[in-house]
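Participant: Please read through the structure below; I'll follow up with questions.
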Amino acid sequence: MDAFDFSRLGVFIVEDNNYVRETLENLLRHFRFGRIAVASNGEEAIDYMKTLGSASSIIAPDIVISDLVMTPINGLLFLRWMRTAKESSNRMIPYIMLSGAADGAYVNSARDLGATEFLAKPFSAASVYKFLVKVIEAPRQFVTTTKYFGPDRRRQKQDPPGKERRLKDEEDVTIVYSAEKVAKPKQPTDVWYFRLPNSLKEKAG
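Last residue of the sequence shown? That's 211 in our numbering, and every number before it is there in order.
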């Protein structure tokens, strides 16, 4: 197992099935995560996230694990809220989508809304641990365009042939190194790359 100390990290579980929710909660306790919060659907999840701004005693989660199929607000709608709402505590939070309906349409919808990973049911302790380590160990840069905000959807980055082409590609985007103080680019651009410090890995040691 990777030498991470999860005691300084918090996970927010959003799952309507009591058994699955309790199973995930027990797994996270076994992995020794320091903070675990739960909600039974997307509506409860949004209400909880809204309290973080006013309740200073509650520390915002570092990772979200959410089911897809829930009522009245499902995982896709909660994901969209997390990525776009002003009340969201962290629009770039790692978001692991969990569902038994792991077909192409759902995967594409989750990816287009900014899901970090897509974990299919039934899951094992090893698979949950693998995805948690993945979002901590190797976070993807965030991308902003006129139609998308979320992790870079390119799984394998292949450098274009030739250094000149690669440098030109970098000139076509605005590279941002801070999520707090973002200066507008000098030249108009439709694409922003957020390359931020890996704060989760720093917390986990």
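Cβ coordinates follow ideal geometry from the N, Cα and C atoms, glycine included.
Can you tell me which of Asn47, Phe12, Ala51, Glu49 puts its alpha carbon nearest to the alpha carbon of His36?
Facilitator: Closest by alpha carbon: Phe12.
Participant: In angstroms with no decimal places, state the Cα-to-Cα distance between Met103 and Ser133.
Facilitator: The alpha-carbon atoms of Met103 and Ser133 are separated by roughly 13 Å.
Participant: Just how far apart, CA to CA, sit Ile52 and Trp87?
Facilitator: Taking the straight line from one Cα to the other gives about 8 Å.
Participant: Under 8 Å: do the stretch 134 to 151 and the stretch 75 to 84 share three or more Cβ pairs, one atom per stretch?
Facilitator: Touching, no, given that fewer than three Cβ pairs across the two stretches are closer than 8 Å.
Participant: Return yes when at least one heavy atom of the ligand FMN lies under 7 Å from the C-beta of Val182, else no.
Facilitator: What this structure holds is no ligand at all, so the ligand FMN is not there to describe.
Participant: Based on DSSP bridge pairs, tell me the residues matched to Phe155.
Facilitator: Paired residues: Thr150.
Participant: Under the three-state reduction of DSSP, which class applies to Arg38: helix, strand or coil?
Facilitator: Arg38 falls in the coil class under three-state DSSP.
Participant: Who are the near neighbours of Leu30 in its chain, counting only those whose CB is closer than 6 Å to its CB and skipping five residues on each side?
Facilitator: Correct list, in chain order: Ile19.
Participant: Are the Cβ atoms of Leu206 and Leu15 separated by less than 8 Å?
Facilitator: Yes; because the gap between Cβ atoms is below 8 Å, this pair is in contact.
Participant: Under DSSP, the alpha helix (DSSP H) around Ser133 begins and ends at which residues?
Facilitator: 131 to 143 is the span of the alpha helix (DSSP H), which, as asked, contains Ser133.
Participant: Quick check on Phe10: does DSSP put it in helix, strand or coil?
Facilitator: DSSP places Phe10 in coil when its eight states are reduced to three.
Participant: Figure out for me which residue from Val182, Ser72, Asp178, Leu119 has the closest Cα to the Cα of Pro157.
Facilitator: Nearest of Val182, Ser72, Asp178, Leu119 to Pro157, Cα basis: Leu119.
Participant: Quick one: which unbroken alpha helix (DSSP H) runs of 4-plus residues sit fully inside the stretch 19 to 104? Chain order, please.
Facilitator: Within the stretch 19 to 104, the complete alpha helix (DSSP H) runs of at least 4 residues are 24 to 36, 48 to 57, 81 to 90.
Participant: To the nearest angstrom, how far is the alpha carbon of Val113 from that of Ala9?
Facilitator: Distance between the alpha carbons of Val113 and Ala9: 30 Å.
Participant: My guess is that Val17 and Ile42 are in contact by the Cβ rule of under 8 Å, so how many angstroms apart are they, rounded?
Facilitator: 6 Å between Cβ atoms; contact.
Participant: Val182 and Val149 - do their beta-carbons sit closer together than 8 Å?
Facilitator: No.
Participant: Short check: CB of Leu33 to CB of Ala121, under 8 Å?
Facilitator: For Leu33 and Ala121, no; Cβs fall outside 8 Å.
Participant: What number of angstroms, rounded off, separates the C-alpha of Ala66 from the C-alpha of Lys127?
Facilitator: Distance between the alpha carbons of Ala66 and Lys127 is about 26 Å.
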